Amino acid sequence: QERKAVERVAPLYGLTTPLIRFAPDAEPQQVMVAGQDIYVLDTGRNAVTAYRLTSDGEALADPAEGQVVLRSGDVVDGVTAGPLLDLAWQAPVPGFDDKSSLLVLDANNNVFRYNQQVDGASVVEFGAVRNWQQASQIETFLGRLYVTDVGANQIYRYDPGRYEEPTNWFLPETVVNLAGLKSMRIDSDIWLLFENGTVLRYRQGEQMPYSLDNSVTAPAEPADLWVGDVGDETIYLGDALAERILVFDKATGEYQEQFQAAEGTPLNGLRSLFVDTIHGTQYILTDSNLFQERLPQ
14 QERKAVERVA
24 PLYGLTTPLI
34 RFAPDAEPQQ
44 VMVAGQDIYV
54 LDTGRNAVTA
64 YRLTSDGEAL
74 ADPAEGQVVL
84 RSGDVVDGVT
94 AGPLLDLAWQ
104 APVPGFDDKS
114 SLLVLDANNN
124 VFRYNQQVDG
134 ASVVEFGAVR
144 NWQQASQIET
154 FLGRLYVTDV
164 GANQIYRYDP
174 GRYEEPTNWF
184 LPETVVNLAG
194 LKSMRIDSDI
204 WLLFENGTVL
214 RYRQGEQMPY
224 SLDNSVTAPA
234 EPADLWVGDV
244 GDETIYLGDA
254 LAERILVFDK
264 ATGEYQEQFQ
274 AAEGTPLNGL
284 RSLFVDTIHG
294 TQYILTDSNL
304 FQERLPQ
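Throughout, my numbering is defined as the position within the sequence shown, counted from one, plus 13.
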């Protein structure tokens with residue numbers, strides 16, 4: 014108890030009943046939440062599955078298997094979906110698209126768009142020239158699409174609704190090595206989490222002097238990074254090996270607290286985080302369950 018007080022451990026009491034229990038052949042990797050819709054990228058089933066929350070957001074509206082919205086091997090607009098890699102959420106883009114969409118990146122440098130109000134998925138067209146070598150992450154911010162290319166050590170930025178000609182986001186003089194990139198988040202700055210637990214912060218194409226507080230042991234197996242939107246000064250870092258979520262101050266990198274299960278090992282196999290600060294809720298994905306948990310006050 015004394016050690017927990019020193020490390021400022023906030024116990025999570027709501028991890029006894031999962032929101033979703035996944036089948037034994039599932040290998041869920043990423044969770045994305047948009048309003049009442051939950052999307053899970055599952056590499057075991059090579060699919061992205063959609064689930065719907067009740068209007069109060071407390072339970073699944075239909076606790077069945079969910080609806081597969083895209084599967085590896087599906088042929089969409091003549092393009093065969095490869096292994097699925099990453100999800101992003103695109104809000105409506107005025108003048109281009111009046112609906113929000115789920116974006117899905119595959120291992121063949123394709124991006125698919127899914128909107129539940131339209132039948133099925135479609136392919137995002139990037140024009141004739143697209144020099145991606147090995148895209149691994151996608152993210153959106155203020156309508157722009159960002160694509161990390163670990164092969165080219167570059168992040169491409171596409172203006173809202175315009176996918177023909179990207180801008181190289183890193184400045185030419187910025188030294189970049191994206192090998193081992195685990196996840197990317199954007200809050201006007203770009204935040205990159207690497208497999209060794211390092212978190213790097215970039216602003217306007219340049220690396221910022223920044224590091225997370227080392228008074229708490231860095232994750233040996235980082236699972237995911239969540240960075241709050243502008244105005245939310247919090248960073249959440251999932252630690253799969255230690256079965257915990259570390260919380261840091263965004264501006265300073267100072268350690269604040271950590272979340273652990275109140276009992277048992279429900280965070281074993283921690284994979285992905287999604288934090289809804291507006292509703293004070295975090296979604297915690299493991300290799301077998303999805304939990305919905307109130308953020309500790």
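Virtual Cβ for every residue (Gly too), placed ideally from N, Cα, C. Bear in mind that the values here come from a model prediction, so they are computed numbers and not experimental data.
Straight-line Cα distance separating residue j from residue i
i	j	result
Glu15	Glu270	Since pLDDT at Glu15 reaches only 46, below the 50 mark, its modelled position is unreliable, and no value is offered.
Val106	Glu177	16 angstroms
Ala60	Leu115	13 angstroms
Gly133	Tyr127	7 angstroms
Ile199	Gly156	12 angstroms
Ala314	Thr180	Residue coverage of the chain in this structure runs from 14 to 310, which leaves residue 314 outside it and unanswerable.
Leu100	Thr230	29 angstroms
Ser301	Tyr52	15 angstroms
Tyr26	Arg143	48 angstroms
Phe219	Thr290	The sequence given here places Glu at residue 219; Phe does not occur at that position. Distance between the alpha carbons of Glu219 and Thr290: 28 angstroms.
Asp242	Glu78	31 angstroms
Ser135	Asp110	13 angstroms
Trp182	Tyr159	9 angstroms
Arg216	Ala72	38 angstroms
Leu66	Asp75	8 angstroms
Asp38	Leu283	17 angstroms
Glu20	Glu256	14 angstroms
Gln147	Leu191	11 angstroms
Leu54	Gly164	23 angstroms
Gly91	Asp119	15 angstroms
Gly244	Val89	39 angstroms
Asn227	Gln130	46 angstroms
Ala275	Asp87	42 angstroms
His292	Pro232	27 angstroms
Thr265	Pro279	31 angstroms
Phe139	Asn121	14 angstroms
Gly193	Leu98	14 angstroms
Ile33	Thr187	43 angstroms
Given residue i as reference, the closest of the options once Cα atoms are compared
i	options	result
Met221	Arg284, Asp90, Thr153, Leu184	Leu184
Gly251	Ala274, Gly266, Glu234	Glu234
Leu83	Gly70, Ser68, Asn123, Ala104	Asn123
Tyr171	Asp55, Asp245, Glu152	Glu152
Leu28	His292, Val188, Gly277, Gln310	Gly277
Thr161	Trp145, Gly174, Pro173	Trp145
Glu208	Ala253, Asp226, Thr187	Ala253
Ala104	Gly266, Met197, Gly174, Leu194	Gly174
Val117	Gln150, Gly108, Phe139	Gln150
Terminal residues of the beta strand (DSSP E) in which residue i lies
i	result
Ile291	Ile291 -> no beta strand (DSSP E), and no H or E assigned at all.
Ser201	Taken as a continuous stretch (DSSP letters only), Ser201 belongs to no beta strand (DSSP E), as it is neither H nor E.
Gln42	41-47
Gln372	Any property of residue 372 remains undetermined from this structure, which presents the chain solely from 14 to 310.
Ser135	134-136
Ser114	114-119
Val160	157-162
Presumed contact (8 angstroms Cβ cut-off) between residue i and residue j, rounded CB distance
i	j	result
Ala63	Gln49	Not a contact, Cβ separation roughly 10 angstroms.
Ile248	Leu286	Not a contact, Cβ separation roughly 11 angstroms.
Phe304	Pro31	6 angstroms
Gly70	Ser85	The Cβ separation is near 30 angstroms, so there is no contact.
Evaluate contact between the stretch 281-296 and the stretch 37-47, counting only Cβ atoms and requiring at least three cross-stretch pairs below 8 angstroms. yes
### Query
Just checking, does the stretch 232-241 make contact with the stretch 200-209 on the three C-beta pairs under 8 angstroms criterion?
yes
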